[in-house]
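K.L.:
Plus 124 on top of the position in the sequence shown (first one is 1) and you've got my numbering. Before I ask anything, here is the structure I am working with.
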Amino acid sequence: MMTEPTRIPPRDDRGTQPAPWRRPRVVLWTAAGVVTLGFLVALEIVARGYGFSGPITEQSREVIFAPESGPLLYGGLALTMVVLTWRQRLIALGVAAGVDIVFFLVRWALDADMNFGNGALWVVLGVAVLGLTRRTGHERTLLLKGTGLGLLLVAGHKTGDTWLLITSKTRATVLDAYVAAADHALADPSWLVGRFLDATAPVSTGILHVVYGQLPLAAALVGLYQLRRVAVERRFPAHHLVRTFLMIGLLGPAIYMIFPVVGPVFAYGTDGGAWATANLWPDTLPPVTDPRPIPFDGITPRNCMPSLHTAWAVTLFVHSRDGSRAMRWAGTFWLVGTLTATLGFGYHYGADLLAGVVFALTIETAMRCSAHGWDRAGVRLVALGTTVFAALLASYRWLPTEMAARPWLFGPLLLLVTGAVIYAYVRTARAARERVREPKPEVPGQRPAPEAEESAEPADPTDAAGAAEAATTGTGTGTTGESGATDAKPELV
């Protein structure tokens, strides 16, 4: 008896059943891209109004002209290469080096400014062109995500520089007197650590200058460790360090506009020049008087509140907890070293550091929940962190004299509310980690989750027949046309 063949539902370009749950994500990513582009255009317009170039112009000119930071461009290339195989990575590095050599020779012949990094930017853009013209479906999306990640690293740095210039041009006065008064409740840690570094220089200052300046490099290493299996699994992890790092750099400078502060070494030290209130840091504590806004120059960035170096170091510390023992120790060392450097070099007050810790944990929780799903604990923690952060800024601005007069009350209170956010984060993160590790019971007849299908299916078959053929012949249409069979030896990344 003839039976009608079973109809197989059409599959999408990754060999999986059509997934309605993917459509909201596409809409979300599209909306995020439009908002980001609008933000960069607005920043470019504002920067041009003050007579200097914005992030779009600065990044575009580095396609031809000498870049400001070659290592930064190669860091962006390293992030892009996480989606490539080892063979493709070697080719990409060779092309980048070759382009840089050509640019070097041309600039040397023309007696132009010398620097490197154009080749790295060319390769990153080339990966985007390759994805748009030679790949389809999931492979195209993967290459474009890698390109976006590399470009965002550079664009984030350019955006931060533009933000800092805007703060110096738009905020004629600074609120250092308020923060310095509030810092009396914390026993003036910047003055204490500054004296310690003066007594132990040059050994301590030499080490801490490296720690402070190479924080982006440490973060890039941790980020690359977390993304090391992207080339094998053909997908990015749901959440990683780079996401939080970039979001902190995007949102943090907006707070600078609300609460402009230059730091004790500028407001009370020699680096402030004629604009400094007095040459007090770090030998003499500033007097506790009725604080008022201080007029300051139009060059020094108002980049203290909150301390983004502290926020980034906290994020690095958090994400290093899932690594090896050496990585956990390195994360701890970088956190302690960064906190010591920000205080000891006079770049920040103690109050800035507390705000930076709360800011980092709030952003980290929000980014983790956006990747893994919002739950009640995550919502409560984001609400708590936002409330505490706003309360810290309000108390620094409106209660600094009272805080300086009653350090026995406000000092422990500041530490208590910051500790409450840390404690809540540890509990929430631990519970979320246990839920992820908890084995889920298998239901007979239930299809695997979409994530499982993504890693199990071939990379780019367009229908059920293609999937069956790929499984039978051991071939698949990935980025390089290499074997996609399940019994193939996975490539080491």
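All residues carry an ideal CB built from backbone N, CA and C; glycine is no exception.
Rounded to the nearest angstrom, how far is the Cβ of residue 171 from that of residue 200, given a contact under 8 Å?
P.N.:
Contact flag wrong, Cβ pair sits at about 21 Å.
K.L.:
If you draw a straight line from the alpha carbon of residue 294 to that of residue 447, how long is it in whole angstroms?
P.N.:
Looking at the two C-alpha atoms, the distance is approximately 42 Å.
K.L.:
Over what stretch of residues does the alpha helix (DSSP H) that includes residue 263 continue unbroken?
P.N.:
That run of the alpha helix (DSSP H) goes 261-294.
K.L.:
Just checking my contact of residue 466 with residue 443 at CB under 8 Å: how many whole Å lie between their CB atoms?
P.N.:
The pair is not a contact, with the Cβ atoms about 20 Å apart (cut-off 8 Å).
K.L.:
Could you pull the DSSP bridge partners for residue 411 from this structure?
P.N.:
None; residue 411 has no bridge partner.
K.L.:
Give me the DSSP bridge partner(s) of residue 418.
P.N.:
In the DSSP output, where bridge partners are listed per residue, residue 418 has 298.
K.L.:
Using only the alpha-carbon positions, how far apart do residue 329 and residue 259 sit?
P.N.:
Their backbone Cα atoms lie some 50 Å apart in a straight line.
K.L.:
Would DSSP call residue 313 helix, strand or coil?
P.N.:
In the structure shown, residue 313 sits in a helix (DSSP, three-state: H, G or I).
K.L.:
Grouping DSSP H, G and I as helix and E and B as strand, with all else coil, what is residue 448?
P.N.:
Three-state result, residue 448: coil.
K.L.:
If you check the beta carbons only, do residue 478 and residue 542 fall under 9 Å apart?
P.N.:
For residue 478 and residue 542, yes; Cβs fall inside 9 Å.
K.L.:
Nearest-angstrom Cα distance between residue 528 and residue 418?
P.N.:
Between residue 528 and residue 418, the C-alpha separation is close to 19 Å.
K.L.:
Count the other CB atoms, across all protein chains shown, that sit within 10 Å of the CB of residue 227; report buried if there are 16 or more and exposed otherwise.
P.N.:
Flag for residue 227 reads buried.
K.L.:
Residues in its own chain within less than 7 Å of residue 464 by CB, not counting five upstream and five downstream?
P.N.:
Only 317, 332 meet the Cβ criterion.
K.L.:
How many Å lie between residue 422 and residue 399 at the Cα?
P.N.:
Going from the Cα of residue 422 to the Cα of residue 399 covers about 10 Å.
K.L.:
Can you tell me whether DSSP reads residue 593 as helix, strand or coil?
P.N.:
The predicted position of residue 593 is uncertain, since its pLDDT is 42 and thus under 50; a value taken from the coordinates is nonetheless stated next. Helix, per DSSP.
K.L.:
Assuming contact is defined by CB atoms lying nearer than 9 Å, are residue 239 and residue 223 in contact in what I supplied?
P.N.:
Not in contact: residue 239 and residue 223 (Cβ atoms no closer than 9 Å).
K.L.:
If you run the structure through DSSP and keep just helix, strand and coil, what is residue 238?
P.N.:
Residue 238 falls in the coil class under three-state DSSP.
K.L.:
Measuring CB to CB, does residue 351 end up less than 9 Å from residue 361?
P.N.:
Yes, Cβ-Cβ distance for residue 351 and residue 361 is below 9 Å.
K.L.:
Count the CB pairs spanning the region 518-538 and the region 295-305 that are closer than 8 Å, and state whether there are at least three.
P.N.:
Yes, since at least three Cβ pairs between the region 518-538 and the region 295-305 fall closer than 8 Å, the two stretches touch.
K.L.:
In angstroms with no decimal places, state the Cα-to-Cα distance between residue 310 and residue 283.
P.N.:
Distance between the alpha carbons of residue 310 and residue 283 is about 33 Å.
K.L.:
Compute the Euclidean distance between the alpha carbons of residue 342 and residue 440, then round it to the nearest angstrom.
P.N.:
Rounded to whole angstroms, residue 342 to residue 440 spans 8 Å at the Cα level.
K.L.:
Specify, as a first and last residue, the run of the alpha helix (DSSP H) that residue 193 falls within.
P.N.:
Per DSSP, residue 193 belongs to no alpha helix (DSSP H) and is neither H nor E.
K.L.:
I'd like to check one pair, residue 315 with residue 409: are the Cβ atoms closer than 9 Å?
P.N.:
Going by C-beta atoms, residue 409 is nearer than 9 Å to residue 315.
K.L.:
Are the CB atoms of residue 248 and residue 266 nearer to each other than 9 Å?
P.N.:
Not in contact: residue 248 and residue 266 (Cβ atoms no closer than 9 Å).
K.L.:
Compare the beta carbon distance of residue 544 and residue 508 with 9 Å and say whether it is the shorter of the two.
P.N.:
Contact: yes.
K.L.:
Measuring straight from C-alpha to C-alpha, what distance separates residue 454 and residue 505?
P.N.:
Distance between the alpha carbons of residue 454 and residue 505 is about 27 Å.
K.L.:
Scan the region 528-564 and note each continuous beta strand (DSSP E) run of 3 residues or more that stays entirely inside, going in chain order.
P.N.:
Segments of the beta strand (DSSP E) lying fully in the region 528-564: there are none.
K.L.:
Which of the three DSSP states is assigned to residue 393 in this structure?
P.N.:
Coil at residue 393, not helix or strand.
K.L.:
Give me the Cα-Cα distance between residue 273 and residue 512, rounded to the nearest whole angstrom.
P.N.:
If you take the alpha carbons of residue 273 and residue 512, they lie about 31 Å apart.
K.L.:
Identify the continuous alpha helix (DSSP H) that holds residue 181 and give its terminal residues.
P.N.:
Unbroken alpha helix (DSSP H) run through residue 181: 179-185.
K.L.:
Quick one: give me the first and last residue of the alpha helix (DSSP H) that residue 520 is part of.
P.N.:
500-522 is the span of the alpha helix (DSSP H), which, as asked, contains residue 520.
K.L.:
Starting from the N-terminal side, write out each stretch of the alpha helix (DSSP H) that is 4 residues or longer and does not extend beyond the region 211-255.
P.N.:
Here no run is fully enclosed.
K.L.:
Need the endpoints of the alpha helix (DSSP H) that residue 492 sits in, please.
P.N.:
Start and end: 474-496.
K.L.:
Which residue comes first and which comes last in the alpha helix (DSSP H) that contains residue 471?
P.N.:
Run containing residue 471: none; DSSP gives neither H nor E here.
K.L.:
Would you report the Cα separation of residue 534 and residue 307, rounded to the nearest angstrom?
P.N.:
When rounded, the distance between both Cα atoms is 10 Å.
K.L.:
Where does residue 631 land, buried or exposed, given buried means 16+ other C-beta within 10 angstroms?
P.N.:
With the chain covering only 125 through 617, there is no way to say anything about residue 631.
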